[in-house]
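Structure first, then comments.
2 protein chains.
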Amino acid sequence: MTTKTSAAVCIDGWSGDLDTCPVRQVLDRIGDRWSLLLLLTLKDAPHRFNALGRAIPDISRRMLAGTLKTLEADGLIWRSVEATTPPSVTYGLTARGLSLIMALGPLVEWAFAQAPAILADRRRAGGAVSGVAIAP
Amino acid sequence: MTTKTSAAVCIDGWSGDLDTCPVRQVLDRIGDRWSLLLLLTLKDAPHRFNALGRAIPDISRRMLAGTLKTLEADGLIWRSVEATTPPSVTYGLTARGLSLIMALGPLVEWAFAQAPAILADRRRAGGAVSGVAIAP
DNA sequence: CTGGATCCACCAGGATACTG
DNA sequence: CAGTATCCTGGTGGATCCAG
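Order-wise, the sequence lines are chains A and B.
Heads up: take any position in the first sequence, counting from 1, add 676, and you land on my numbering.
Heads up: take any position in the second sequence, counting from 1, add 676, and you land on my numbering.
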């Protein structure tokens with residue numbers, strides 16, 4: 677979502693730049709490799725920096741720090757620093773972050789319900805499409 | 677989502693590979709630059725190939741063709757070929773594609789409702805986080 | 001322990017040209 | 001009209017080293 681665009685459509689009649697469409701911006705954020713995963717990890721309980729790293733073993737420290745910063749800038753998570761030595765930083769969900777997770781609920785259910793069928797279709801891709809058409 | 681992972685967490689206690697998590701797969705698909713846009717364009721009515729290109733001016737033919745193929749392989753859209761000369765190919769939503777759009781509804785509403793506040797927070801990023809914390 | 005800074009590999013995706 | 005093939009660039013993100 678870095679390229680300049682000039683499309684006049686997006687969603688629900690959104691008629692501005694593609695890059696200013698709210699839905700696009702949200703998907704750009706949670707659609708990346710780590711944001712959603714972090715949000716869902718923090719849903720259960722606040723975590724410290726390295727605890728998050730352990731909960732998501734394959735994230736690099738760079739992406740962990742960067743993604744957390746972005747999520748905080750968006751007000752989706754909070755960050756609390758204990759000025760001890762060594763320092764201890766804790767992250768947790770904000771109300772806004774929680775509301776996002778709630779809004780994701782139906783999508784999550786859909787994903788779990790449809791995943792097997794989609795994977796089956798994808799496997800025999802190239803053949804006829806199996807989905808029932810809305811229009812002929 | 678091309679990198680091999682071995683994480684043991686994902687969503688709702690999903691305990692397989694990150695890459696096999698249904699929600700990750702769905703987000704990988706609709707989170708890309710064009711899929712959701714195409715789905716929403718097709719929601720209103722079926723479109724022909726070049727009509728889609730005109731509805732979304734800044735998509736390249738390569739990405740248009742590629743994204744359509746993937747969406748079809750996942751059974752989210754159907755593809756109908758008229759063997760005329762010149763050929764005419766029409767795309768439209770399947771029932772599954774429509775159900776995905778429905779599942780996206782709450783997220784879309786959330787995005788529109790939260791976008792202004794998020795952008796405001798993002799602008800003065802670096803300052804204190806404004807979201808109300810769930811936990812202190 | 002919690003990051004920032006830097007270097008670099010990889011690949012998604014745009015431009016262009018060509019085919020059925 | 002509806003794609004496919006090829007080349008090439010720029011951004012994403014991993015690895016590594018450094019700092020508070």
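All C-beta atoms, glycine included, are put in the ideal place defined by N, C-alpha and C.
All figures in this text were calculated on a predicted structure; none of them were measured in a lab.
Practice prompt. Could you tell me whether the stretch 788–801 of chain B touches the stretch 735–744 of chain A, where touching means 3 or more Cβ pairs closer than 8 Å?
Written response: Using a Cβ-Cβ distance cut-off of 8 Å, the stretch 788–801 of chain B and the stretch 735–744 of chain A are not in contact, since fewer than three pairs of beta carbons, one from each stretch, lie closer than that value.
Worksheet item: Straight-line CA distance for residue 728 of chain B to residue 782 of chain A?
Response: On the second sequence, residue 728 of chain B is found 52 positions in, with the first residue counted as 1. On the first sequence, residue 782 of chain A is found 106 positions in, with the first residue counted as 1. Taking the straight line from one Cα to the other gives about 28 Å.
Worksheet item: So, are the CB atoms of residue 750 of chain B and residue 798 of chain A less than 7 Å apart?
Response: Within the second sequence, numbered from 1, the residue matching residue 750 of chain B stands at position 74. Within the first sequence, numbered from 1, the residue matching residue 798 of chain A stands at position 122. Yes, the pair counts as a contact, with Cβ atoms nearer than the cut-off.
Worksheet item: In the structure shown, what three-state DSSP assignment does residue 737 of chain A receive?
Response: Here residue 737 of chain A is taken as the residue at index 61 of the first sequence, counted from 1. Three-state DSSP puts residue 737 of chain A in a helix.
Worksheet item: Going by alpha carbons, who is nearest to residue 762 of chain A out of A/725, A/717, A/711?
Response: As a working note, residue 762 of chain A is residue 86 in the first sequence. It is A/725 whose Cα lies nearest to the Cα of residue 762 of chain A.
Worksheet item: Counting contacts by CB-CB distance shorter than 7 Å, is residue 786 of chain A in contact with chain B?
Response: Here residue 786 of chain A corresponds to residue number 110 of the first sequence, with the count starting at 1. Yes, residue 786 of chain A lies at the interface with chain B (some Cβ there is under 7 Å from its Cβ).
Discussion item. If the criterion is Cβ atoms closer than 7 Å, does the pair residue 722 of chain A and residue 766 of chain A meet it?
Written reply: Here residue 722 of chain A corresponds to residue number 46 of the first sequence, with the count starting at 1. Here residue 766 of chain A corresponds to residue number 90 of the first sequence, with the count starting at 1. With contacts defined as CB atoms closer than 7 Å, residue 722 of chain A and residue 766 of chain A qualify as a contacting pair.
Worksheet item: Do we get a CB-CB distance below 7 Å when we pair residue 750 of chain B with the residues of chain A?
Response: Along the second sequence, one-based indexing puts residue 750 of chain B at 74. True, the Cβ-Cβ gap to chain A drops below 7 Å.
Fill in: Run of the beta strand (DSSP E) containing residue 769 of chain A, from where it starts to where it stops
If you number the first sequence from 1, residue 769 of chain A lands on position 93. For residue 769 of chain A, the enclosing beta strand (DSSP E) has its first and last residue at 764–769.
Practice prompt. Consult DSSP for residue 638 of chain A and reduce its assignment to one of helix, strand or coil.
Written response: Only positions 677 to 812 of chain A appear in the structure, and residue 638 of chain A is not among them; the question remains open.
Item to complete: Tell whether a beta-carbon distance below 7 Å holds between residue 746 of chain A and residue 714 of chain A.
Response: Here residue 746 of chain A refers to the residue found at position 70 when the first sequence is read from its first residue. Here residue 714 of chain A refers to the residue found at position 38 when the first sequence is read from its first residue. For the pair residue 746 of chain A and residue 714 of chain A, the CB atoms are not nearer than the 7 Å cut-off.
Worksheet item: Taking Cβ positions only, does residue 806 of chain A come closer than 7 Å to chain B?
Response: Within the first sequence, residue 806 of chain A is the residue found at index 130, counting from 1. In this predicted model, residue 806 of chain A has a pLDDT of only 40, less than 50, meaning its place in the structure is not dependable; the value taken from the coordinates is given anyway. True, the Cβ-Cβ gap to chain B drops below 7 Å.
Item to complete: Could you name the residues of the same chain whose beta carbon sits closer than 6 Å to that of residue 748 of chain A, not counting the 5 residues immediately before and after it, in chain order?
Response: On the first sequence, position 72 is the one that residue 748 of chain A refers to. Answer for residue 748 of chain A: 755, listed in chain order.
Worksheet entry | Alpha carbon of residue 712 of chain A to alpha carbon of residue 698 of chain A, nearest angstrom | The count along the first sequence starts at 1 and reaches residue 712 of chain A at position 36. The count along the first sequence starts at 1 and reaches residue 698 of chain A at position 22. Those two C-alpha atoms are separated by around 17 Å.
Worksheet item: Can a CB atom of chain A be found closer than 7 Å to the CB of residue 799 of chain B?
Response: Residue mapping note: residue 799 of chain B aligns to position 123 of the second sequence, counting from 1. By the rule that beta-carbons nearer than 7 Å mark a contact, residue 799 of chain B does not touch chain A.
Fill in: Range of the contiguous alpha helix (DSSP H) that encloses residue 707 of chain B
In the second sequence, the residue the question calls residue 707 of chain B occupies position 31. No alpha helix (DSSP H) contains residue 707 of chain B, which DSSP labels as neither H nor E.
Discussion item. Using only CA atoms, which one of B/784, B/719, B/758 lies nearest to residue 769 of chain B?
Written reply: What you label residue 769 of chain B is simply residue 93 of the second sequence in a count that begins at 1. Closest by alpha carbon: B/719.
Discussion item. Here's a check: name, in chain order, each residue in its chain whose Cβ is nearer than 8 Å to the Cβ of residue 764 of chain A, leaving out the five neighbours to either side.
Written reply: As a working mapping, residue 764 of chain A is identified with position 88 in the first sequence. Result list for residue 764 of chain A: 724, 757, 758, in chain order.
Worksheet item: Candidates B/772, B/796, B/784, B/800: which alpha carbon is nearest residue 706 of chain A's?
Response: Indexing the first sequence from 1 puts residue 706 of chain A at position 30. Nearest of B/772, B/796, B/784, B/800 to residue 706 of chain A, Cα basis: B/784.
Discussion item. Residues of chain B with CB closer than 8 Å to the CB of residue 740 of chain A, please, in chain order.
Written reply: On the first sequence, residue 740 of chain A is found 64 positions in, with the first residue counted as 1. Within chain B, no residue comes near residue 740 of chain A; the closest Cβ sits about 13 Å away, beyond 8 Å.
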